[in-house]
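Novice: Numbering (our numbering), first residue to last: 184 to 261. Dumping the structure here so I can ask a few things about it.
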(Lines of atoms letter the chains of each structure in order from A and count residues from 1; the text may use other names and numbers.)
(Lines give C-alpha, C1' and ligand atoms only; values in the text may rest on other atoms or scores of the structure.)
Protein backbone atom coordinates (compact mmCIF):
# COMPACT_ATOMS: atom_id res chain seq x y z
CA UNK A 1 0.00 0.00 0.00
CA UNK A 2 1.26 3.47 -0.82
CA UNK A 3 0.45 6.48 1.33
CA UNK A 4 0.85 10.15 0.52
CA UNK A 5 2.66 11.57 3.54
CA UNK A 6 3.66 14.87 1.92
CA UNK A 7 1.58 16.94 4.35
CA UNK A 8 2.82 15.05 7.40
CA UNK A 9 6.56 14.62 7.07
CA UNK A 10 9.59 16.49 5.81
CA UNK A 11 10.37 15.78 2.16
CA UNK A 12 13.44 13.78 3.21
CA UNK A 13 11.10 11.20 4.76
CA UNK A 14 8.25 11.16 2.23
CA UNK A 15 9.38 7.89 0.60
CA UNK A 16 10.26 6.13 3.85
CA UNK A 17 8.28 3.28 5.39
CA UNK A 18 6.03 3.99 8.35
CA UNK A 19 8.46 2.03 10.53
CA UNK A 20 11.34 4.24 9.40
CA UNK A 21 9.31 7.39 10.00
CA UNK A 22 8.34 6.24 13.50
CA UNK A 23 12.03 5.70 14.25
CA UNK A 24 12.92 9.17 12.95
CA UNK A 25 13.37 12.21 15.20
CA UNK A 26 10.32 14.42 15.76
CA UNK A 27 11.80 16.99 13.38
CA UNK A 28 10.88 14.61 10.55
CA UNK A 29 7.32 15.90 11.06
CA UNK A 30 6.45 19.01 9.10
CA UNK A 31 6.71 22.08 11.29
CA UNK A 32 9.19 20.67 13.80
CA UNK A 33 12.89 21.52 13.80
CA UNK A 34 16.06 20.08 15.36
CA UNK A 35 15.51 22.59 18.20
CA UNK A 36 12.22 20.83 18.93
CA UNK A 37 14.14 17.53 18.99
CA UNK A 38 16.39 18.97 21.70
CA UNK A 39 13.46 20.17 23.80
CA UNK A 40 11.54 16.91 23.40
CA UNK A 41 14.66 14.89 24.27
CA UNK A 42 14.54 16.52 27.71
CA UNK A 43 11.19 14.71 28.10
CA UNK A 44 12.79 11.45 26.87
CA UNK A 45 11.03 11.80 23.51
CA UNK A 46 13.59 10.95 20.83
CA UNK A 47 11.46 9.49 18.03
CA UNK A 48 8.10 10.08 16.41
CA UNK A 49 6.96 6.81 18.02
CA UNK A 50 7.96 8.16 21.44
CA UNK A 51 5.99 11.33 20.75
CA UNK A 52 2.92 9.39 19.64
CA UNK A 53 3.04 7.18 22.73
CA UNK A 54 3.84 9.99 25.17
CA UNK A 55 1.18 9.77 27.85
CA UNK A 56 0.32 13.46 27.73
CA UNK A 57 -0.12 13.40 23.95
CA UNK A 58 -2.27 10.27 24.24
CA UNK A 59 -4.41 11.90 26.94
CA UNK A 60 -4.80 15.10 24.92
CA UNK A 61 -5.85 13.12 21.84
CA UNK A 62 -8.37 11.16 23.92
CA UNK A 63 -9.90 14.42 25.18
CA UNK A 64 -10.12 15.80 21.63
CA UNK A 65 -11.87 12.61 20.51
CA UNK A 66 -14.25 12.69 23.47
CA UNK A 67 -15.05 16.36 22.85
CA UNK A 68 -16.21 15.47 19.35
CA UNK A 69 -18.73 13.05 20.86
CA UNK A 70 -19.79 15.18 23.82
CA UNK A 71 -23.45 16.04 24.06
CA UNK A 72 -24.07 19.59 25.28
CA UNK A 73 -25.52 19.76 28.78
CA UNK A 74 -29.20 20.57 29.05
CA UNK A 75 -30.17 23.35 31.47
CA UNK A 76 -31.07 21.79 34.79
CA UNK A 77 -28.85 18.71 34.35
CA UNK A 78 -26.44 18.03 37.17
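We treat Cβ as the ideally placed atom computed from N, Cα and C, and that holds for glycine. A quick note: this is a predicted structure, and the numbers were derived from the prediction, not measured.
(1) Tell me, please, which residues DSSP counts as bridged to residue 192.
(2) Excluding five sequence neighbours on each side, which residues of the same chain lie with their C-beta closer than 8 angstroms to the C-beta of residue 227?
(3) CA-CA distance, residue 191 and residue 254?
(4) What residue from 208, 214, 212 and 200 has the CA that sits closest to residue 220's CA?
(5) When burial is assigned at 16 or more other CB atoms within 10 Å of the CB, is residue 246 buried or exposed?
(6) To the nearest angstrom, how far is it from the Cα of residue 216 to the Cα of residue 250?
Specialist: For this structure:
(1) Bridge partners of residue 192: 212.
(2) 233
(3) 31 angstroms
(4) Out of 208, 214, 212 and 200, 208 has the C-alpha closest to the C-alpha of residue 220.
(5) exposed
(6) 30 angstroms
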